[in-house]
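A.B. asks: This is the structure I have questions about; it appears just below.
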Amino acid sequence: MTSDKQIYDFFKNYQDRGMKKWTGFFLSAHTAKISQSKKCENNRLKKALDLEKIKKVLLEATTQGKIVRIQLKAVDLDGAPFPEIKGIIEGWIDNQVVINRQIINISEINCLEIVKEL
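When we follow my numbering, the leftmost residue of the sequence shown carries the number 6, and every step to the right adds one.
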């Protein structure tokens with residue numbers, strides 16, 4: 006078994022070439038933290054629109070064939086919203102919208118916006 010003296014002697018005489026090897030650890034931890042912070046910014050519910058505003062944007066997007074981005078009210082277990090749905094509105098009947106072959110109830114929409122074309 007090693008004694009405290011042996012451990013002390015080992016580290017007393019141990020020569021490290023420098024701190025370069027730690028830079029990689031710092032950078033990966035740092036970039037992971039930055040990435041996590043960006044995710045937190047992107048994973049927040051936007052300001053909710055009222056039903057009349059949603060219907061007005063739907064009507065404009067449908068009649069003019071514009072691309073929309075929809076954020077649903079539903080969130081995952083961590084409280085982050087599900088990914089936004091982006092596409093052209095394929096149909097709109099009563100309180101349901103079809104976009105990307107998905108049927109979405111208008112009451113489930115938190116935010117809806119027309120995507121600006123570049």
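We put the beta carbon where it would ideally sit given N, CA and C, even for glycine.
If I follow the unbroken beta strand (DSSP E) through Lys-17, where does it start and stop?
C.D. replies: Translated into positions along the sequence shown, residue 17 becomes position 12. Here Lys-17 belongs to no beta strand (DSSP E); instead the alpha helix (DSSP H) covers 9-18.
A.B. asks: Assign Lys-131 to one of three DSSP states: helix, strand, or coil.
C.D. replies: A question about residue 131 goes unanswered here, because the residues of the chain that appear run from 6 up to 123.
A.B. asks: Give the range of the beta strand (DSSP E) segment to which Arg-74 is assigned.
C.D. replies: In the sequence shown, the residue the question calls residue 74 occupies position 69. From DSSP, the beta strand (DSSP E) with Arg-74 extends over 72-77.
A.B. asks: Specify the secondary structure class of Leu-123 as computed by DSSP and reduced to three states.
C.D. replies: Here residue 123 corresponds to residue number 118 of the sequence shown, with the count starting at 1. With a pLDDT of 45 at Leu-123, under the threshold of 50, the modelled position of that residue is not reliable, and no figure is offered here.
A.B. asks: Quick one: what does DSSP say Glu-89 is sitting in, helix, strand or coil?
C.D. replies: Residue 89 sits at position 84 when you count from the first residue of the sequence shown. Residue state, collapsed to three classes: coil.
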